[in-house]
Amino acid sequence: MTQSIGKRIAEKREEKGWSRYKLAKETGISTSYIRPIEEDKHSPTLDVLIKISTVLDVSIDYLVQDKITISETGGTL
2 MTQSIGKRIA EKREEKGWSR YKLAKETGIS TSYIRPIEED KHSPTLDVLI KISTVLDVSI
62 DYLVQDKITI SETGGTL
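With the working numbering applied, the sequence shown closes on residue 78, and no number is skipped along the way.
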């Protein structure tokens, strides 16, 4: 089974020893937006993925591997 975008984000965040609050502070994204992404209840926009991947020091490719393309989702992943 492949890992979801949300699970990959949570895993990398936890590897850094960060809380969701810390990730929110570093990205400028609210915790109320991050939580549903990590729980696979909401799909992040490309802009959000860029912010998260930058502060977690991972590529967007790593976060979205095995997922559908942006054009198939109307701009979200």
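Cβ coordinates follow ideal geometry from the N, Cα and C atoms, glycine included.
All values derive from a computational prediction rather than experimental measurement.
CB-CB length for residue i against residue j, believed under 8 Å
i          : j          : result
residue 39 : residue 10 : 6 Å
CA nearest to the CA of residue i, picked from the options
i          : options           : result
residue 51 : 29, 43, 33 and 42 : 29
residue 46 : 17, 58 and 64     : 64
Own chain residues within Cβ distance below 7 Å of residue i, not counting five before or after
i          : result
residue 79 : Missing from the structure shown is residue 79; the chain here goes from 2 to 78 and no further.
Where residue i sits in the DSSP three-state scheme
i           : result
residue 46  : strand
residue 8   : helix
residue 62  : helix
residue 124 : Here the chain covers residues 2 to 78 and nothing more, so residue 124 does not appear.
residue 33  : helix
Pairwise C-alpha distance: residue j and residue i
i          : j          : result
residue 6  : residue 41 : 8 Å
residue 16 : residue 48 : 23 Å
Same chain only: Cβ atoms within 8 Å of residue i, ignoring 5 sequence neighbours per side
i          : result
residue 98 : Here the chain has residues from 2 to 78 only, and residue 98 is not among them.
Residues of its chain near residue i, where Cβ-Cβ distance is below 6 Å and the 5 sequence neighbours each way are ignored
i          : result
residue 57 : 13
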